[in-house]
Amino acid sequence: MRHSAVTLWLIPLLLPLVMVCSPQPHDPTGLGDLGNGKKVLFIGNSLTHSNDLPTMVQIIGEAAGHEIAVRSFTLADFSLQDHLGHGEAQKVIQAADWDIVVLQQGPSSLALRKLQLKDSSQKFDTIIRAQGARPALFMVWPEADRIATFDAVSDAYSKAAEAVDGLLFPVGEAWRAAWDRAPELGFYSTDGFHPTQLGSMLGALVIFQQIFEESPVGLPSQLVPITPGLETLTIPPHLNTLLQEAAAQANAEFGRQ
3 MRHSAVTLWL IPLLLPLVMV CSPQPHDPTG LGDLGNGKKV LFIGNSLTHS NDLPTMVQII
63 GEAAGHEIAV RSFTLADFSL QDHLGHGEAQ KVIQAADWDI VVLQQGPSSL ALRKLQLKDS
123 SQKFDTIIRA QGARPALFMV WPEADRIATF DAVSDAYSKA AEAVDGLLFP VGEAWRAAWD
183 RAPELGFYST DGFHPTQLGS MLGALVIFQQ IFEESPVGLP SQLVPITPGL ETLTIPPHLN
243 TLLQEAAAQA NAEFGRQ
């Protein structure tokens, strides 16, 4: 993975979707008050950071009546192997009693990348379990010009999740389930790799269902959070049911509890 233009996002709880700020002075960990609900940490790169997917998960969870705190540590272009070498992700994991730590890297469809994904997930698993948490794998998608490798991407993340007895968030498979219903849906941004807001919304629905073991089908298109400062998440009403059903189908067929 490339190491140029590295940036860091550590997302506090009480921020709007697009804001990033420094740790609070009284909080040396920079994590803020995590509350008493589900505590979820995302480790990954710009595929997680795009459109602030972790905060979307929080908003959906709160709108559905759950208490949840999310944080993320993402570095541009980083694989999980890069994160292990960098060392800061381990410190963030060890700084709180997480319930779930979500791991994500690139598509990992090539044989070597599959092995690296599995190996890195197992190394992170030791650290995650020591905190009393469970790992989860955020299955992504291939580049638009390599769409034929979808099965290989799915297989790579499925095997990594199985190797660590972790949850599996089959976001890429949810994209395919949605395309089966409406092939024109635009989940790729203009660069042919990063997700559009709609693609991230679908991913957040997938992750919500896995975290809370609750189907997203039937949620309103206007998702109003409880935490002050968080914005309402609006899923296009004419696509709301379609995306919910695609998320539920992907989880039923590929998810791992």
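Taken in order, the sequence shown gives residues 3 to 259; the numbers are from this note's numbering. The beta carbon of each residue, even a glycine, is placed where N, CA and C say it ideally should be. What you are looking at is a predicted structure, and each value in this text was computed from that prediction instead of being measured.
Can you tell me which of the three DSSP states residue i falls into?
| i | result |
| --- | --- |
| Phe189 | coil |
| Val94 | helix |
| Val260 | Residue 260 falls outside the range modelled here, since the chain spans only 3 to 259, and no answer is possible. |
| Leu241 | helix |
| Gln246 | helix |
| Gln224 | strand |
| Thr2 | Residue 2 is absent from the structure shown; the chain starts at 3 and stops at 259. |
| Thr260 | This structure cannot settle anything about residue 260, because the visible part of the chain is limited to 3 through 259. |
| Ala135 | coil |
| Leu33 | coil |
Buried or exposed: which applies to residue i, given that a residue is buried once 16 or more other Cβ atoms fall within 10 Å of its Cβ?
| i | result |
| --- | --- |
| Pro239 | exposed |
| Thr234 | exposed |
| Pro185 | exposed |
| Gly89 | exposed |
| Thr236 | exposed |
| Arg64 | What sits at residue 64 in the sequence shown is Glu, not Arg. The residue is buried, with at least 16 neighbouring Cβ atoms inside 10 Å. |
| Asp167 | exposed |
| Asp101 | buried |
If contacts are defined as beta-carbon pairs under 8 angstroms, then residue i and residue j qualify, I think. What distance do you get, rounded to the angstrom?
| i | j | result |
| --- | --- | --- |
| Gln107 | Leu82 | 5 angstroms |
| Leu169 | Gly188 | Incorrect: roughly 28 angstroms between the Cβ atoms, too far for contact. |
| Gln212 | Pro218 | Between Pro218 and Gln212 the Cβ distance is about 10 angstroms, and since that is not below 8 angstroms, they are no contact. |
| Phe152 | Ile209 | With a Cβ gap of about 19 angstroms, Phe152 and Ile209 do not count as contacting. |
| Leu119 | Ala158 | 6 angstroms |
| Glu69 | Gly39 | 3 angstroms |
| Ala249 | Leu207 | 4 angstroms |
| Ala66 | Glu215 | Their Cβ separation, rounded to whole angstroms, is 12 angstroms, which puts Ala66 and Glu215 out of contact at 8 angstroms. |
| Pro109 | Pro144 | 5 angstroms |
Would you say the beta carbon of residue i comes nearer than 7 angstroms to a heavy atom of the ligand GTP?
| i | result |
| --- | --- |
| His85 | Among the components modelled here there is no ligand, and therefore nothing to report on the ligand GTP. |
Three Cβ pairs or more, each shorter than 8 angstroms: is that satisfied between the stretch 226–235 and the stretch 125–145? no
Whether or not the stretch 34–46 and the stretch 173–180 are in contact is what I'm after, with contact meaning three or more pairs of Cβ atoms, one per stretch, closer than 8 angstroms; do they touch? no
Three or more C-beta pairs closer than 8 angstroms, one from the stretch 89–102 and one from the stretch 50–66: is that the case here? no
Is the number of C-beta pairs between the stretch 107–124 and the stretch 155–168 that are closer than 8 angstroms three or more? yes
If we require 3 or more residues per run, which beta strand (DSSP E) segments fall completely within the stretch 52–121? Fully enclosed beta strand (DSSP E) runs of 3 or longer: 70–77, 102–105.
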